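Structure record follows, encoded as structure tokens.
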Ligand code: HEM
């Protein structure tokens, strides 16, 4: 079969394709256009995510296509050692331990360490939007893509002035690895990725020169390492920063975009959140299930594996279709329906097992604060007339091209927001 993820239905509504794959019952198909096995059933996707002895991560962050020779030469120069997402045992447990010790990954730790950053950054962006009352804005550039990168830069202690180039490098990495660039673009994007890697190495060198006494993530990891290469090498510290700068924002940007799209897409949903912001966490959880920000993730089989009637040979690259698994009717009743009343966090949008997303709690906090502050400050926010949903061509990161909206501050007729929920936000200077 052909997945054709870079055009057609996949860039407007990939759910149509996932439905077809699930309907035929096999749960695993070979996609000739990508040279990848597609795994779609919930049971199989969860098994693959959770079983590192059969499904390895070593090629997770490398393109599925054969890069042009000049691009390949540039890839070879990016000697970032595998850590966490790209690592297998024994490197994975060691680097994951380091990350868990230095990066907050529970609701309580995230609130304590990053709560103030998230609220300050959300308020700044909401103030910028309210300053544009009555205007048409793009909620991706003006909010969803902006917030998570600003938060992650604060956590890593990276100055705001580096925002634009990190954003560009990171977007380029997503297009390079999980998109379909032509040979000339591969070279351009790989050159950017190499610069990005050198930037992360310089960041670590700078913290070392400063004695890593700061409260930023890189200083914390260097403290944890305490000069011992058995714990972590300097290159591994740089590689952690390299990964977090991308993983920490492109994903949450996608989540925020999906939340706003679903919330604003039906007036009743938005008004329900305006009237009762305590619905936000359930709304976000159902958004994660139905429209995951990463809806496909790569693994490599280390041995032949049989899933139902299908045997996948050893050495095969598999695309775990998280988006399809989250809509498997064997697990979810009426799976295509957006129903925030569903309970549980059993969707696979943050993965499962030993590689479970380290940033899940941070992403949930960012989305909740964002939704609460936006509904309070701009209750009349609405999608711009004529908006047509379309995603960037990519088989892993589901990112909107744009989300045009009109900043209407007024409380819309028919909604009764609770007075105490409408907190003033500081207007941008
Ligand atoms: C909505 C937002 C996010 C989504 C949908 C998401 C999704 C994922 C997924 C699917 C994985 C792979 C899990 C697996 O292989 O089992 C993952 C891993 C990871 N994520 Fe996230 N992520 C999000 C936010 C974040 C944030 C905010 C950070 C950090 C600031 C982060 C850092 C990581 C890291 C470091 C890993 C690798 C963990 C490991 O391999 O041990 N993610 N994430």
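Residue numbers (the working numbering): 55 to 483. For each residue, glycine too, the CB sits at the ideal point set by N, CA and C. Computed from a prediction, not measured in an experiment: that's the story for all the values here.
With DSSP collapsed to three states, give me the class of residue i.
i, result
"residue 195", "helix"
"residue 436", "strand"
"residue 157", "coil"
"residue 359", "strand"
"residue 109", "strand"
"residue 61", "coil"
"residue 364", "strand"
"residue 238", "helix"
"residue 410", "coil"
"residue 385", "coil"
"residue 480", "Low confidence applies here, because residue 480 scores a pLDDT of 33, under 50, leaving its location unreliable; read the following figure in that light. It is coil, neither helix nor strand."
"residue 447", "coil"
"residue 452", "coil"
"residue 348", "strand"
"residue 119", "coil"
"residue 70", "helix"
"residue 465", "coil"
"residue 399", "coil"
"residue 391", "coil"
"residue 145", "helix"
"residue 328", "helix"
"residue 56", "coil"
"residue 472", "Note that residue 472 scores 46 on pLDDT, short of 50, meaning its location in the model is unreliable and no value can be drawn from it."
"residue 169", "helix"
"residue 136", "coil"
"residue 280", "coil"
"residue 265", "coil"
"residue 291", "helix"
"residue 231", "helix"
"residue 303", "coil"
"residue 270", "coil"
Considering only DSSP beta bridges, list what residue i is partnered with.
i, result
"residue 372", "91, 353"
"residue 82", "93"
"residue 459", "191, 437"
"residue 209", "Paired residue(s): none; residue 209 is not in a bridge."
Taking 8 Å as the threshold (C-beta atoms), are residue j and residue i in contact?
i, j, result
"residue 382", "residue 95", "yes"
"residue 339", "residue 263", "no"
"residue 359", "residue 114", "no"
"residue 72", "residue 370", "no"
"residue 81", "residue 374", "no"
"residue 120", "residue 140", "no"
"residue 356", "residue 368", "yes"
"residue 311", "residue 198", "yes"
"residue 248", "residue 132", "yes"
"residue 118", "residue 89", "yes"
"residue 156", "residue 278", "yes"
"residue 405", "residue 103", "yes"
"residue 296", "residue 317", "no"
"residue 456", "residue 228", "no"
"residue 196", "residue 210", "no"
"residue 425", "residue 289", "no"
"residue 497", "residue 415", "Absent from the structure is residue 497, since the part of the chain shown begins at 55 and ends at 483."
"residue 378", "residue 116", "no"
"residue 106", "residue 144", "no"
"residue 61", "residue 70", "no"
"residue 292", "residue 255", "yes"
Out of the options, which one is the CA nearest neighbour of residue i?
i, options, result
"residue 484", "70, 75, 87", "No answer is possible for residue 484: the residues shown for the chain start at 55 and end at 483."
"residue 354", "93, 61, 64", "93"
"residue 323", "74, 213, 393", "393"
"residue 402", "372, 347, 366, 447", "347"
"residue 428", "99, 330, 167, 212", "330"
"residue 454", "442, 464, 465", "442"
"residue 78", "397, 445, 364, 65", "364"
"residue 372", "294, 137, 291, 101", "101"
"residue 176", "244, 186, 200", "200"
"residue 154", "99, 138, 166", "138"
"residue 438", "62, 98, 63, 190", "190"
"residue 465", "430, 446, 250, 56", "430"
"residue 445", "244, 67, 409", "67"
Measuring only from the beta carbon, is residue i closer than 7 Å to any heavy atom that is part of the ligand NAP?
i, result
"residue 128", "The ligand NAP is not part of the structure shown, which contains the ligand HEM as its ligands."
Cβ contact (3+ pairs, closer than 8 Å) linking the stretch 283-293 and the stretch 141-157: yes
So, do the stretch 212-226 and the stretch 290-305 have three or more beta carbon pairs nearer to each other than 8 Å? Yes: at least three Cβ pairs fall under 8 Å.
Would you be able to state if there are at least three C-beta pairs under 8 Å between the stretch 226-238 and the stretch 191-204? No: fewer than three Cβ pairs fall under 8 Å.
Touching or not, the stretch 124-138 and the stretch 368-385, by the rule of three or more beta carbon pairs under 8 Å? no
Stretch-stretch touch, CB-based, cutoff 8 Å, three pairs: the stretch 270-280 with the stretch 405-425: no
Any 3 or more C-beta pairs closer than 8 Å across the stretch 325-344 and the stretch 420-440: yes
Hey, is the stretch 423-436 in contact with the stretch 448-463, meaning 3+ C-beta pairs nearer than 8 Å? yes
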